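Residues 293 to 406 in the working numbering are what the sequence shown spells out, letter by letter.
Just so you know, even glycine gets a beta-carbon here, dropped at the ideal spot from N, CA and C.
Bear in mind that the values here come from a model prediction, so they are computed numbers and not experimental data.
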Amino acid sequence: MIEEIRVLLYFSLMILSLIGSLFLAIFLFNKSYKLWSSFFAATIVNILILALSSYWWFATETDGISAGLGLLYNRIAIAVIAVITFVSLAVLNQKRFKKLSFNGHRFISSIFIG
Numbered sequence: 293m294i295e296e297i298r299v300l301l302y303f304s305l306m307i308l309s310l311i312g313s314l315f316l317a318i319f320l321f322n323k324s325y326k327l328w329s330s331f332f333a334a335t336i337v338n339i340l341i342l343a344l345s346s347y348w349w350f351a352t353e354t355d356g357i358s359a360g361l362g363l364l365y366n367r368i369a370i371a372v373i374a375v376i377t378f379v380s381l382a383v384l385n386q387k388r389f390k391k392l393s394f395n396g397h398r399f400i401s402s403i404f405i406g
C-alpha cells in the first residue's frame, strides 16, 4: 500500500511540474509577450520541481534499478515538459503575431521587441 502511494506521489510531481510550468509560462507570456524569457523561467521551475523529485526518489528507493529508472524518467519528463511548454508558447506567439498583421504586412519586429 505504501509503495503504491509513493509511486502515485512520484508521478503526481511530474503532473504538478507540467501544470506549474505551463501556468507560469502562459502567465509570463501574457504579461510581457517575451517568448524566450517566459520559456526559460518555466523551464527553470520545471527543473527545480523534478530535481527535488529525483532527489526524493533516489533517497527513499531501496532498489538500485528502480532508483536509476526513476531518475531517468524524471530526465525524460523534463525534456517532454519543456517541449510542451515551448510549443504552447509558440502557438500563443503565432496568435499574437496574426493579431498584429496590418493589410497583409506583419510587423516582425514586434515579436522580438515585445
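Spatial distance of residue i from residue j (CA atoms)
{"i": "Asn-338", "j": "Ala-374", "result": "8 angstroms"}
{"i": "Ile-357", "j": "Ala-351", "result": "13 angstroms"}
{"i": "Ala-334", "j": "Arg-298", "result": "26 angstroms"}
{"i": "Tyr-302", "j": "Phe-389", "result": "38 angstroms"}
{"i": "Tyr-365", "j": "Ala-371", "result": "10 angstroms"}
{"i": "Gly-360", "j": "Phe-378", "result": "27 angstroms"}
{"i": "Leu-363", "j": "Gln-386", "result": "35 angstroms"}
{"i": "Ile-294", "j": "Leu-300", "result": "10 angstroms"}
{"i": "Phe-332", "j": "Trp-349", "result": "25 angstroms"}
Within-8 angstroms CB hit, residue i to chain D
{"i": "Val-383", "result": "Going by chain labels, chain D is absent from the structure shown, which holds only one protein chain."}
Residue i in three-state terms, based on DSSP
{"i": "Met-414", "result": "Residue coverage of the chain in this structure runs from 293 to 406, which leaves residue 414 outside it and unanswerable."}
{"i": "Glu-407", "result": "Lying outside 293 to 406, the shown extent of the chain, residue 407 is not represented and no answer is given."}
{"i": "Thr-352", "result": "helix"}
{"i": "Lys-323", "result": "helix"}
Closest by C-alpha distance to residue i, when choosing among the options
{"i": "Leu-344", "options": "Lys-387, Leu-308, Glu-295, Lys-390", "result": "Leu-308"}
{"i": "Ile-368", "options": "Leu-320, Val-383, Leu-310", "result": "Leu-310"}
{"i": "Ala-382", "options": "Thr-354, Ser-346, Phe-321, Ile-341", "result": "Phe-321"}
{"i": "Ile-376", "options": "Leu-340, Phe-315, Glu-353", "result": "Phe-315"}
{"i": "Ile-341", "options": "Leu-305, Leu-384, Leu-300", "result": "Leu-305"}
{"i": "Leu-384", "options": "Ile-336, Tyr-325, Asp-355, Ser-313", "result": "Tyr-325"}
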